[in-house]
Amino acid sequence: MSAPHINDFASEILAYIFELRQDGGPYDGSALLQMASVCKHWKETVFTHPQLWTTLQCHLPEGTGSMPWEKAMVTFVNRIARWFGRAGHLPLALDISFTVFSDRGGRALAEFIAGCSKWRSLRFTDRREDPGPKEKWRWWLGIILAGERRSDPEKGNACWPNLEALHIDASGTWLTREDGFVLPLQSVAPNLRSLSIAMLSVNDTNTVLSAVQSIPWATLAEFTFCGRHGVFQPSFPVYILEHAPNLERLTVTISGMRESREEDMGFSSGPAPSTFYSDSNPLVHERLRHLSLDFRIGLQESFLKKTRLPALRSVELNTDVWFSHSFMAALQDLCQDPEFWPHLNAFKYAALDGCGFSVQEGDVQFDMFKRGPLSWWGWMHGWRLTTATSF
4 MSAPHINDFA SEILAYIFEL RQDGGPYDGS ALLQMASVCK HWKETVFTHP
54 QLWTTLQCHL PEGTGSMPWE KAMVTFVNRI ARWFGRAGHL PLALDISFTV
104 FSDRGGRALA EFIAGCSKWR SLRFTDRRED PGPKEKWRWW LGIILAGERR
154 SDPEKGNACW PNLEALHIDA SGTWLTREDG FVLPLQSVAP NLRSLSIAML
204 SVNDTNTVLS AVQSIPWATL AEFTFCGRHG VFQPSFPVYI LEHAPNLERL
254 TVTISGMRES REEDMGFSSG PAPSTFYSDS NPLVHERLRH LSLDFRIGLQ
304 ESFLKKTRLP ALRSVELNTD VWFSHSFMAA LQDLCQDPEF WPHLNAFKYA
354 ALDGCGFSVQ EGDVQFDMFK RGPLSWWGWM HGWRLTTATS F
């Protein structure tokens with residue numbers, strides 16, 4: 004008995020196979036168009052199944068001498084509008100990157116993105132290196148302003164009511180207080196669940212805190228903030244935990260910080276948490292399961308002392324030094340609190356020089372580490388510790 008030919012499958016099964024072909028990598032639409040060109044049956048299958056047209060990854064045109072950027076952008080927007088028009092009423096996902104941007108052509112893109120209420124996921128990647136002060140965030144402000152014009156919070160109307168994930172990667176862009184970078188997502192995307200922001204540098208923590216005032220924190224389950232340089236205070240992640248009670252995953256990276264003043268270790272200025280959290284009055288967050296931090300060890304120590312994370316499952320710490328007795332001692336003291344990390348099953352620590360360690364549930368040493376990190380460290384390295392702790 005001969006094996007069935009692929010064209011013997013029902014069109015629904017063939018469409019599902021096409022979906023699997025698109026999974027697992029960047030999707031710019033070329034694979035789908037190639038499949039549509041194979042034969043009439045495949046073309047009919049491709050163009051009659053809306054789920055095949057719900058996702059697109061693309062790079063904005065850069066313009067040429069024969070076609071200015073503004074005109075190229077209008078043509079580009081018309082093409083992606085036709086693409087998503089074949090998706091019917093299904094949720095959509097758009098991933099856009101660019102190396103050139105200007106207001107005139109960008110207006111057509113902003114109006115298209117703001118005018119579509121079916122977005123499930125939006126990702127923007129600004130690949131420009133250190134754009135000028137007047138240009139760096141204008142692309143985002145244009146989209147947000149167009150979105151706000153279509154939103155009416157008092158009537159319960161939002162520009163993107165189904166948006167679950169928003170990712171902004173501006174790794175070549177500095178953020179300063181004068182930029183006017185804002186995230187009024189509570190009014191345009193009130194049901195957001197995942198938010199990630201990456202930028203080159205932040206001039207101070209208060210600038211970021213001011214930008215995130217209007218995020219729908221209550222619905223967020225994941226939040227990531229990455230900066231390669233900047234000044235940082237532990238008030239930022241504490242603010243996030245205070246305002247996002249349903250957060251399950253938190254990542255904060257400020258890997259190239261300038262030296263912080265002693266007062267930066269606390270909550271000395273800016274829109275700090277509404278309650279002053281201290282070592283004796285910590286913030287208890289009931290939902291956080293995964294924590295990843297990358298900044299100076301002293302600031303990480305200050306942050307951990309001010310929080311209790313009873314649902315925590317995994318911790319990943321990246322920092323500037325291989326070993327800090329103060330940090331390990333503080334961690335050991337915190338372990339005596341039953342609310343600190345009772346359900347922890349994985350811990351990873353890495354330093355700038357490449358050194359590090361990881362322990363996880365199932366390792367012979369894991370319970371020893373979980374009860375007393377400093378004692379575990381001394382036992383691992385054969386040190387005599389002044390802190391007496393029984394295993």
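In our numbering, each residue carries its 1-based index in the sequence shown increased by 3. C-beta: ideal position from N, C-alpha, C; glycine also.
Quick check on DSSP: helix, strand or coil for residue i?
i           : result
residue 306 : helix
residue 370 : helix
residue 290 : coil
residue 143 : helix
residue 317 : strand
residue 339 : coil
residue 161 : coil
residue 351 : strand
residue 33  : helix
residue 344 : coil
residue 118 : helix
residue 298 : coil
residue 326 : coil
residue 15  : helix
residue 271 : Residue placement at residue 271 cannot be trusted, given a pLDDT of 41 that sits under 50; what the coordinates show is reported in the next sentence. If DSSP states are grouped into helix, strand and coil, residue 271 belongs with coil.
residue 124 : strand
residue 130 : coil
residue 151 : helix
residue 359 : strand
residue 266 : The pLDDT assigned to residue 266 is 40, lower than 50, so where the model puts this residue is not dependable; a value taken from the coordinates is nonetheless given after this. Correct three-state label for residue 266: helix.
residue 169 : strand
residue 47  : helix
In terms of alpha-carbon separation, which member of the options lies closest to residue i?
i           : options            : result
residue 71  : 105, 84, 343, 345  : 105
residue 3   : 142, 300, 138      : Since the first residue of the chain shown is 4 and the last is 394, residue 3 is not available in this structure.
residue 323 : 301, 335, 332      : 301
residue 363 : 223, 373, 320, 165 : 373
residue 314 : 335, 305, 347, 285 : 347
residue 190 : 368, 381, 151      : 151
residue 128 : 33, 48, 379, 103   : 103
residue 184 : 138, 316, 195      : 138
residue 107 : 119, 146, 84, 126  : 146
residue 340 : 287, 367, 385      : 287
residue 110 : 361, 135, 80       : 80
residue 466 : 231, 227, 344      : As shown, the chain starts at 4 and ends at 394. That puts residue 466 outside it, with no answer to give.
residue 289 : 153, 188, 354, 342 : 342
residue 176 : 164, 140, 195, 186 : 140
For residue i and residue j, I'd like the C-alpha separation in whole angstroms.
i           : j           : result
residue 397 : residue 170 : Limits of the chain in this structure are 4 at one end and 394 at the other, which puts residue 397 out of reach.
residue 371 : residue 311 : 20 angstroms
residue 241 : residue 309 : 8 angstroms
residue 291 : residue 78  : 45 angstroms
residue 269 : residue 144 : Low local confidence applies: a pLDDT of 40 at residue 269 is under 50, so the model's placement there is unreliable, with the coordinate-based value given in what follows. Near 32 angstroms, if we compare the C-alpha coordinates of residue 144 and residue 269.
residue 338 : residue 319 : 16 angstroms
residue 329 : residue 64  : 52 angstroms
residue 215 : residue 37  : 42 angstroms
residue 247 : residue 50  : 42 angstroms
residue 76  : residue 43  : 32 angstroms
residue 197 : residue 283 : 32 angstroms
residue 351 : residue 73  : 48 angstroms
residue 35  : residue 55  : 8 angstroms
residue 213 : residue 40  : 51 angstroms
residue 92  : residue 121 : 7 angstroms
residue 307 : residue 379 : 19 angstroms
residue 254 : residue 296 : 6 angstroms
residue 114 : residue 243 : 31 angstroms
residue 218 : residue 199 : 12 angstroms
residue 245 : residue 224 : 13 angstroms
residue 303 : residue 285 : 14 angstroms
residue 221 : residue 383 : 42 angstroms
residue 85  : residue 204 : 37 angstroms
residue 252 : residue 47  : 42 angstroms
residue 416 : residue 173 : Residue 416 lies beyond the stretch modelled for the chain, which goes from 4 to 394, so this question has no answer here.
residue 119 : residue 249 : 28 angstroms
residue 281 : residue 334 : 15 angstroms
Could you check how far apart the C-beta atoms of residue i and residue j are, in whole angstroms? I think they sit under 8 angstroms.
i           : j           : result
residue 180 : residue 160 : At roughly 32 angstroms, the Cβ-Cβ gap does not stay under 8 angstroms, so residue 180 and residue 160 are not in contact.
residue 96  : residue 124 : 4 angstroms
residue 377 : residue 332 : 5 angstroms
Is residue i near the ligand NAP, with its Cβ less than 7 angstroms from a heavy atom?
i           : result
residue 184 : With respect to the ligand NAP, the structure shown offers nothing to examine, as it has no ligands at all.
Can a CB atom of chain B be found closer than 8 angstroms to the CB of residue i?
i           : result
residue 164 : Absent from the structure: chain B. Only one protein chain is present.
Length at least 4, wholly inside the stretch 171 to 259: the alpha helix (DSSP H) runs in chain order:
Restricting attention to alpha helix (DSSP H) runs no shorter than 4 residues, the stretch 171 to 259 encloses them at 188 to 191, 208 to 214, 238 to 246, ordered along the chain.
Report the start-end ranges of each alpha helix (DSSP H) in the stretch 49 to 115 that is 4 residues or longer and not cut off at the edges.
For the stretch 49 to 115, whole alpha helix (DSSP H) runs of length 4 or above, ordered along the chain, are 72 to 88.
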